[in-house]
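Colleague:
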């Protein structure tokens with residue numbers, strides 16, 4: 001007889017729960033279960049994903065915590081209106097970025113970035129030290145020298161994350177996942193053949209942010225960050241949908 005430890009059972013349950021959360025979450029965000037409609041009953045979900053009721057219950061709790069669904073006794077579980085979803089949740093952001101025609105999501109994502117990232121750049125310009133500025137310039141160099149779009153995207157994200165970190169505001173720093181999702185979405189939508197031509201321009205615009213921060217010029221840093229975000233939005237809008 002094979003004895004399975006309690007820790008192993010918990011790990012297996014956790015993996016199954018994550019799978020169900022991922023599948024149901026993606027389906028809800030993609031509109032397969034529209035707002036106010038009911039998701040399948042627990043026995044149906046168990047059969048659909050070949051998991052236990054415990055797994056289904058835990059998955060539903062997770063999705064409820066993200067604001068996607070709500071359960072009512074003797075009624076069932078319905079999908080909540082998108083306005084009630086937790087848009088700061090990393091998974092909810094990621095599921096939105098995977099939708100083929102995100103529309104409103106992109107508009108709102110770039111809008112919120114225009115609110116907090118320029119402010120973070122201005123704060124960074126008021127307090128950045130030499131080492132922090134050197135790291136910003138090094139990331140600009142990495143963007144310009146990137147051999148692939150993936151390498152470029154990583155350097156781009158790390159640059160924005162560094163600006164949020166330098167700002168010294170813990171709330172701003174915690175918004176890094178949102179920026180990562182925005183940049184990842186842009187990465188997915190831009191065409192591969194545009195990479196060599198846009199790389200130098202984008203790196204140069206980021207370098208303007210770094211220079212303003214290093215020079216202690218909050219207004220210039222704020223405006224340079226605003227330009228980078230707007231240019232990114234224009235590149236996304238100019239990319240035809242597949």
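Numbering (full-length UniProt numbering), first residue to last: 1 to 242.
Cβ coordinates follow ideal geometry from the N, Cα and C atoms, glycine included.
Values in this document were obtained by computation on a predicted structure and should not be read as measured data.
(1) In this structure, does DSSP put residue 152 in helix, strand or coil?
(2) Where do the ends of the beta strand (DSSP E) carrying residue 72 lie?
(3) State yes or no: is the C-beta of residue 146 within less than 8 Å of the C-beta of residue 199?
(4) Kindly indicate which residue of 216, 209, 235 has the alpha-carbon position closest to the one of residue 226.
(5) I need the straight-line Cα distance from residue 220 to residue 128, nearest angstrom please.
(6) Please classify residue 75 as buried or exposed, where buried requires at least 16 neighbouring CB atoms within 10 angstroms.
(7) Residue 93 to residue 103, Cα distance in whole Å?
(8) What three-state label does DSSP hand residue 38 in the structure shown?
(9) Rounded to a whole number of angstroms, what is the C-alpha to C-alpha distance between residue 122 and residue 176?
(10) For residue 162, count the other beta carbons within 10 Å of its own beta carbon; 16 or more makes it buried, fewer makes it exposed. Which is it?
(11) For residue 105, count neighbouring Cβ atoms within 10 angstroms of its own Cβ and tell me buried if that reaches 16, exposed if not.
(12) Looking at residue 124 and residue 213, is the spacing between their C-beta atoms short of 8 Å?
(13) Within 10 Å of its beta-carbon, does residue 50 have 16 or more other beta-carbons around it, so buried, or fewer, so exposed?
(14) Nearest to residue 260 by CA position, among 203, 55, 115, 28, is which residue?
Modeller: Based on what the coordinates show:
(1) helix
(2) 69-72
(3) yes
(4) 209
(5) 14 Å
(6) exposed
(7) 13 Å
(8) DSSP places residue 38 in strand when its eight states are reduced to three.
(9) 17 Å
(10) buried
(11) Buried.
(12) Yes, the pair counts as a contact, with Cβ atoms nearer than the cut-off.
(13) Exposed, since its Cβ has fewer than 16 Cβ neighbours within 10 Å.
(14) Residue 260 lies beyond the range of the chain shown here (1 to 242); nothing can be said about it.
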